[in-house]
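Just so we're aligned, residue 8 is where the sequence shown starts under this note's numbering, counting upward by one.
Note that CB positions come from ideal geometry on N, CA and C, so glycine has one too.
Report on one structure; see the data block that follows.
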Amino acid sequence: MELYNTLTRQKEVFKPLNDKKVGLYCCGPTVYNYAHIGNLRTYIFEDLLRRVLEFNGYEVNHVMNITDVGHLTSDSDEGDDKMKKGAEREKKTVWEIAEHYTQAFLEDMDRLNLFMPKKKPKATDHIDCMIAQIKALEDNGHTYIGQNGNVYFDVSTMSNYGELAGLDKQELVAGQRVEIDQNKKNPADFVLWFVQSKHGDQEMQWDSPWGRGFPGWHIECSAMSVEYLGEQFDIHCGGVDHIPVHHTNEIAQAEGATGVHPWVKVWMHGEFLVLKDNAKMSKSADNFLTLRRLVEEGFDPLDYRYFCLQTHYRKQLFFDWESLKAARTGLRRLRDKVLNLKKELPANSSQLSAPNAVWTDKFRQAVNDDLNVSKALALAWEMLDDPNLDNADKLSTIVEFDRVLGLKLGEEEKVELPPQITQWIIERNEARHNKDWQKADEIRDQIEASGKWQVKDGGGGTEVFKK
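Below, the structure is given as structure tokens:
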């Protein structure tokens, strides 16, 4: 199995630290708004990685943080506080915002058939371990106190700082990478603990050896990953936007506190989802589409999963509605093929035969080549058209492939209706029960006016189908 390592910029044969056990850390969501579909592309890639590892017989200890403490909207120490921004937008407390959007994110994961991490630690539950890591950095001579009282990491104390991003000292001069801050010794230094920020009083604050305040946004991942995976582990994932600052700073913190190098053996990063006008999707810029919006437009969440699986995780993926419609058509055809195989099997054939070894080996070779799932998906189609396989072999083999694809092949498609459509169905059934045929017709016309849904009246009442 070969994986591309951002740190070495090459594909490497994967060799875990502990035989068949793999420690995997994935940067989780900042829960101040819904995850956009660009975020979700990264989580689909990470789910694919875990599935491929387990397909190869590895036991994966998958950890993903939940960032529920206020962080800034830029990678540097500037910008608006994300949690505070969400609270002001919705007139709620930051704690209420965090809980609401944490649950929304977990629902999105479930809809996309993503494996839940073994552990989902919340930042607010781990302030003590962040303080402990900052204290270790202080003891090891990597910190200083700014004039504002904030605790800063001194990047000049780490000889390998910037290695992940390929940064050199020239790129770290004032004004080139981060905004100039008079409180810093070096422009690339970053805050470990805030006792003072430009936002004034914040709801989320804790006592610390340096004063009451809150953590910088890089410290939680390095502290919690060490807490749950140890001082060295196998794979750390995230989006490509994390490479130059967040992950670079994580490495400095973890290695500066523990003295262990390399802290992580393999770094893997998913590329951006890009809108058709070439704009990167961003929650901070209010330029984003959610999974809920896709459902409102008549798509199954797994249509989006299929859409993402058609492109390698290290390539930019360009999004438009026509491409998503094509993916929906492709997934429906694939599901229909598999469902037809099930229907054509004898009624007494409840047990699946062993998957075909030749096709399974081809599939494994594809996904083991740095998660080349687009090739693996093409092999799935080829296998289903192989005239030399009987239906039982095809069915057992595609079920085996779906351990990696995660498309719920062989299951009847369950249409997820938008809340407004569901409400109209309830109202129409009530109108029909009351013999108010005019109102029933009006609601039917409303449902069908979008061009996405077709109404049929069955024995159980109003039924809605995708067009």
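Bridge partners - residue i, DSSP secondary structure assignment
i: leucine 31; result: His69 and Ile242
i: asparagine 12; result: Gln17
i: glutamine 445; result: Answer is none; glutamine 445 lacks a bridge partner.
i: lysine 463; result: Glu470
i: threonine 37; result: Thr74
i: asparagine 25; result: Lys28
Identity of the residue in the options nearest residue i by Cα
i: asparagine 256; options: Phe279, Asp368 and Cys228; result: Cys228
i: proline 222; options: Asp464, Lys192 and Asp135; result: Asp135
i: phenylalanine 325; options: Asp26, Val281, Lys332 and Arg300; result: Val281
i: leucine 113; options: Leu14, Asn72, Ala447 and Arg435; result: Asn72
i: leucine 434; options: Gln453, Thr13 and Leu416; result: This sequence places glutamate at residue 434; leucine is not what is there. Selected option, being the one with the closest Cα: Gln453.
i: valine 76; options: Glu97, Pro128 and Gly30; result: Pro128
i: methionine 231; options: Val374, Lys92, Lys369 and Ile138; result: Ile138
i: arginine 58; options: Val38, Thr37, His107 and Asn120; result: Asn120
i: asparagine 388; options: Asp146, Arg340 and Arg371; result: First, the amino acid is wrong: residue 388 is tryptophan here, not asparagine. Answer by Cα proximity: Arg340.
i: valine 158; options: Asp310, Thr164 and Thr150; result: Thr150
i: lysine 125; options: Asp54, Glu351 and Arg48; result: Asp54
i: methionine 477; options: Asn363, Asp161 and Asn68; result: The structure shown has nothing for residue 477, since the chain only spans 8 to 474.
i: aspartate 393; options: Val380, Ala42, Trp366 and Lys415; result: Trp366
i: threonine 13; options: Val233, Asn167, Asp132 and Ala172; result: Ala172
i: proline 362; options: Ala383, Met390 and Lys382; result: Met390
i: leucine 56; options: Glu449, Gly413 and Lys332; result: Gly413
i: lysine 142; options: Gly153, Arg342 and Phe160; result: Phe160
i: tryptophan 328; options: Ser166, Ala456 and Glu304; result: Glu304
i: serine 163; options: Ile226, Gln154, Gly153 and Pro194; result: Pro194
i: glutamate 262; options: Arg299, Glu170 and Lys192; result: Glu170
i: proline 36; options: Ala130, Met8 and Lys22; result: Ala130
Residue i - containing alpha helix (DSSP H), residue span
i: threonine 404; result: 398-412
i: phenylalanine 279; result: Neither: phenylalanine 279 is in no alpha helix (DSSP H) and is coded neither H nor E.
i: aspartate 368; result: 364-374
i: lysine 382; result: 380-391
i: leucine 55; result: 44-62
i: threonine 429; result: 426-440
Beta strand (DSSP E) segment containing residue i, residue limits
i: tyrosine 151; result: 150-152
i: threonine 469; result: 468-473
i: leucine 199; result: 197-201
i: valine 158; result: 158-160
Is there contact here, the stretch 273-283 with the stretch 57-76, by at least three beta-carbon pairs under 8 Å? no
Can you check the stretch 294-346 for any alpha helix (DSSP H) of at least 4 residues that lies completely inside it and give the ranges in chain order? 298-303 and 308-316
Can you check the stretch 209-270 for any beta strand (DSSP E) of at least 3 residues that lies completely inside it and give the ranges in chain order? 240-246
Take every Cβ of the stretch 22-32, pair it with every Cβ of the stretch 97-108, and state whether three or more of those distances are shorter than 8 Å. no
Fully enclosed by the stretch 116-151, which alpha helix (DSSP H) runs are 4 residues long or longer? 134-146
Closer than 8 Å is the cut-off here; do at least three beta carbon pairs connect the stretch 308-323 with the stretch 365-383? yes
Does the structure place the stretch 90-97 close enough to the stretch 14-26 that three or more beta carbon pairs sit under 8 Å? no
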